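Report on the structure given below.
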Amino acid sequence: MHELRIRKAVDADLQEIIRVWKSNIKTINTASDIADLFHSFKKYFFVLVATSAGMGFENNVIGFAGGAIRGGHGHISGIAVDEEYRMKGIGKDLLKTVEHEFIAKGFDKVTLEVRKSNRGAIGFYEKQGYKWQYIVKGYYADGEDAMVYEKKI
Ligand SMILES: CC(C)(COP(=O)(O)OP(=O)(O)OC[C@H]1O[C@@H](n2cnc3c(N)ncnc32)[C@H](O)[C@@H]1OP(=O)(O)O)[C@@H](O)C(=O)NCCC(=O)NCCS
């Protein structure tokens, strides 16, 4: 029996966070970019792990959410769930956990960018109460536009 559990990320999770990030998010971020973000904003990084009941044994990370502070408010740098675990409420729980951490630290707003073509993530964010603000033309290194979203928390 596996129990899924969200907890704060620790240093030993970094390689798995990089794996989940790079295999699920279309990105040019290198492992070292992700490590820099992780080390700067560790307290806003959470992972979802599967734990075998009773044994305390932890499988690999199957999802993560990475927050940051940007411009005096909360920011979502990355969130992803391995494909076979999607649409089970995990992304929602991870996002809520980071939002609660922002609330606990006194922030009242969260922003994020998402690729214009990423309809799935856009649908997900809108369901979580994020409101579209504006487009940043050519935001991504490959030239794609970003949609900027915001949520008051
Ligand atoms: C975006 C992502 C993290 C969502 O994770 P998830 O665990 O599948 O999402 P959940 O199961 O918690 O979904 C929560 C809600 O969002 C909706 N949702 C999730 N994925 C969706 C999609 N692709 N299209 C439309 N709605 C979606 C769900 O239907 C659910 O709605 P409900 O609350 O009414 O039931 C996941 O799809 C993913 O890892 N995508 C690839 C990485 C990525 O693009 N990340 C964002 C850019 S940084």
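In the numbering used here, the protein residues as written are -8 to 144.
Just so you know, even glycine gets a beta-carbon here, dropped at the ideal spot from N, CA and C.
Being a predicted model, the structure only gives us computed values, none of them experimental.
Set against 7 Å, the gap from the CB of Asn51 to the closest heavy atom of ligand 1 is not smaller.
A distance criterion of 7 Å places the beta-carbon of Ile16 in contact range of ligand 1, judged by its closest non-hydrogen atom. When beta bridges are read from the DSSP output, Ser14 appears opposite no residue. Within the same chain, and ignoring the five residues on either side of Gln6 in sequence, no residue has its Cβ closer than 6 Å to its Cβ.
Non-local C-beta neighbours of Ala71 in its own chain, meaning closer than 7 Å and more than five positions away in sequence, comprise Val11, Trp12, Asn15, Ile16, Gly54, Phe55, ordered along the chain. Shown here, Ser31 sits in a helix according to DSSP, grouped into three states. In the three-state scheme derived from DSSP, where H, G and I count as helix and E and B as strand, Ser68 is classed as strand.
The closest heavy atom of ligand 1 lies 7 Å or more from the beta carbon of Phe32.
Residue side-chain check: Gly111 places its Cβ nearer than 7 Å to a non-hydrogen atom of ligand 1. Only buried fits Asp4, as 16 or more other CB atoms lie within 10 angstroms of its CB.
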